[in-house]
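Position 214 of the sequence shown, counting from 1, maps to 214 under full-length UniProt numbering, and the rest follow consecutively.
Ideal Cβ placement from N, Cα and C applies to all residues, glycine included.
Have a look at the structure below, then the notes.
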Amino acid sequence: MHCLPGLVPALSSLLGALALLQLSLYLRVPSRYGKHEERLCRPRGRLPARCAWFVQELPSFLVPALLLALRSPPRLEPLGCRLLCCLFCWHYFYRTFIYPFFTRGRPFPLQLLFFGTLFCIYNGFLQGYYLIYCAEYPNDWCTDIRFTSGLLLFLLGMGINIHSDLLLRQLRKPGEVTYKIPQGGLFTYVSGANYFGEIVEWFGFAIATWSLPAFAFAFFTLCCIGPRAYHHHRYYLKTFTDYPKSRKALIPFVF
Ligand code: NDX
Numbered sequence: 001m002h003c004l005p006g007l008v009p010a011l012s013s014l015l016g017a018l019a020l021l022q023l024s025l026y027l028r029v030p031s032r033y034g035k036h037e038e039r040l041c042r043p044r045g046r047l048p049a050r051c052a053w054f055v056q057e058l059p060s061f062l063v064p065a066l067l068l069a070l071r072s073p074p075r076l077e078p079l080g081c082r083l084l085c086c087l088f089c090w091h092y093f094y095r096t097f098i099y100p101f102f103t104r105g106r107p108f109p110l111q112l113l114f115f116g117t118l119f120c121i122y123n124g125f126l127q128g129y130y131l132i133y134c135a136e137y138p139n140d141w142c143t144d145i146r147f148t149s150g151l152l153l154f155l156l157g158m159g160i161n162i163h164s165d166l167l168l169r170q171l172r173k174p175g176e177v178t179y180k181i182p183q184g185g186l187f188t189y190v191s192g193a194n195y196f197g198e199i200v201e202w203f204g205f206a207i208a209t210w211s212l213p214a215f216a217f218a219f220f221t222l223c224c225i226g227p228r229a230y231h232h233h234r235y236y237l238k239t240f241t242d243y244p245k246s247r248k249a250l251i252p253f254v255f
């Protein structure tokens, strides 16, 4: 496999277009899973959350890992390139092999699972193909301010995301499916603390890679879970009369 000129910009533009489609679809009406599922649909139309998240996220880890294994001769240099590929796989290793096994979420709709899996194949291919076959970085990229600041943002975002998902999980006892007011960590300031962390993480990745595919993915993330954070916030305000009034939806003190 080689780097085909034009393929990466074309796939990145399509990802940007999908992000806008996503925004137009889910700005007014939330995507129908979790607390926004209108009514509990037939069990046949859903898969247990653990299984669904594992299946859906697996391609994001597997596709770049396969592309890396198929590359001949193996790409070992520069170090910056290897580290960036590892960061992407590291996130999806967590999301595929760790997150699903602890989730206490509701069963996931099969229809969304299908689209989510397609999306993860597409994005896993785009990010992996770019980093493994196309990206050119100078040998001292690891000391470039874009790499170091992006890496710091990525780690900060990942820390916030994992910690916030843990706080959400602790709201429920095993088997429970009710919703409670999230407390602690960044939830003190925003309703979508886990989403805020994920968005910071992928913008950090985009800065560290300084690449069109990664910026397109960060933009997609913003358009996908940004509106969802807003809908979560409205849901909490409507459901809990004692919900903290000073808490924002997504960005602490701002929005
Ligand atoms: N999965 C990313 N679009 C998505 C699945 C849905 O990883 O057709 C994008 C991802 C996919 C989406 C994916 C892509 C676009 C799709 C969409 C479906 C339609 C859409 C395919 C792939 C589409 C077009 C048209 C463009 C093709 O019961 P429960 O489940 O609600 O329980 C929850 C629990 N919880 C609480 N428990 C007690 N009390 C409370 N108050 C609670 N509040 C929540 O916590 C869950 O078990 C858990 C987390 O819930 P929630 O709702 O806060 O987060 P969730 O949305 O489930 O995300 C989980 C994590 C989170 O860290 C988030 O940052 C990350 O995954 N994520 C999620 C979505 C996308 C994404 C990251 C990204 O874009 N990077």
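DSSP, read as helix, strand or coil, puts V190 in strand. In this structure, the C-beta of F119 approaches the ligand NDX to less than 6 Å from one of its heavy atoms.
Closest in C-alpha terms to L23, from the list H233, G226, R247, Y235, comes G226. Here DSSP, grouped into helix, strand and coil, assigns L47 to strand. Rounded to the nearest whole angstrom, the C-alpha separation of L212 and F125 is 14 Å. In this structure, the alpha-carbon of Y122 lies about 26 Å from that of A193. Per the DSSP secondary-structure output, P109 pairs in a beta bridge with R46. Distance from the CA atom of A69 to the CA atom of L62, rounded to whole angstroms, is 10 Å.
Among the bridge pairs identified by DSSP, K248 is matched with V190.
Counted as a single uninterrupted DSSP element, the alpha helix (DSSP H) harbouring Y236 occupies residues 212-239. Excluding its 5 nearest sequence neighbours in each direction, F215 has C-beta neighbours in its own chain below 6 Å: A206, listed in chain order.
Counting along the chain, N161 sits inside the alpha helix (DSSP H) bounded by residues 145-169.
Distance between Y230 and I181, taken at the CA atoms: about 15 Å.
Taking a C-beta distance under 7 Å as the contact criterion, L84 and T209 qualify as a contact pair. A heavy atom of the ligand NDX is found nearer than 6 Å to the CB of E198.
With a cutoff of 6 Å, L18 counts as near the ligand NDX, since its C-beta is closer than that to a heavy atom of the ligand. Shortest Cα-Cα distance from S246 to any of C223, F154, V200, S191 involves S191. Around the C-beta of S72, fewer than 16 other C-beta atoms lie within 10 Å, and the residue is accordingly described as exposed. Annotation for L131: no alpha helix (DSSP H) segment contains it, and DSSP assigns it neither H nor E. Set against 6 Å, the gap from the CB of L84 to the closest heavy atom of the ligand NDX is not smaller.
In the three-state reduction of the DSSP assignment, F255 falls in the coil class.
L186 is not a Cβ neighbour of I162, given a cutoff of 7 Å.
Just measuring C-alpha positions, the residue of S149, Y189, Y179, R172 sitting nearest F203 is S149.
N123 carries a helical assignment under DSSP once its states are collapsed to helix, strand and coil.
Take the alpha-carbon of G6 and the one of S12: they are about 10 Å apart.
Between the C-alpha atoms of L167 and P174 there is a straight-line separation of about 14 Å.
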